[in-house]
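Numbering (the working numbering), first residue to last: -13 to 115.
Glycine residues also receive a C-beta, built at the ideal position from the N, C-alpha and C atoms.
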């Protein structure tokens, strides 16, 4: 029985298939459904869990080489919300793309983890190192 780290079997299964430079999408509650990639839906209610909480849970065991975020996240959220949302990315290379360009990367991901996050344009794409 697992006692530490990620406990969710579907998340573990998804992460076990990620290799060098593969990507995983961590999406907010309103992100479109992509039938061509596996989705692990962890959403419970608004902001439970958040994208930042999932990234924080992944960081100890998942080597993140790069992060992609929507450029629109900066203008659509208060400075406090943005700081709280992105604090978990400290020390990681971060590239902002238009939301449209970010969505073009989604079909190439190994999978998507959906959260209950209400941060506008709060989706992140994590690229493994």
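For residue j and residue i, the rounded distance between their alpha carbons
i          : j          : result
residue 20 : residue 93 : 7 angstroms
residue 73 : residue 23 : 28 angstroms
Residue i and residue j closer than 9 angstroms at C-beta
i          : j           : result
residue 54 : residue 81  : yes
residue 47 : residue -8  : yes
residue 49 : residue 14  : no
residue 98 : residue 26  : yes
residue 11 : residue 110 : yes
Residue i, buried or exposed, once every other Cβ within 10 Å from all chains shown has been counted against 16
i           : result
residue 32  : exposed
residue 125 : Absent from the structure is residue 125, since the part of the chain shown begins at -13 and ends at 115.
residue 167 : In the structure as shown, the chain starts at -13 and stops at 115, and residue 167 therefore has no counterpart that could be examined.
residue 7   : exposed
residue 150 : The displayed coordinates of the chain run from -13 to 115. Any statement about residue 150 would go beyond what the structure contains.
* **Secondary structure, beta strand (DSSP E): runs of 3+ residues fully inside the stretch 45 to 112** => 50 to 56, 80 to 83 and 97 to 100
* For the 8 angstroms Cβ check, are there 3 or more pairs between the stretch 64 to 79 and the stretch -11 to -1? -> no
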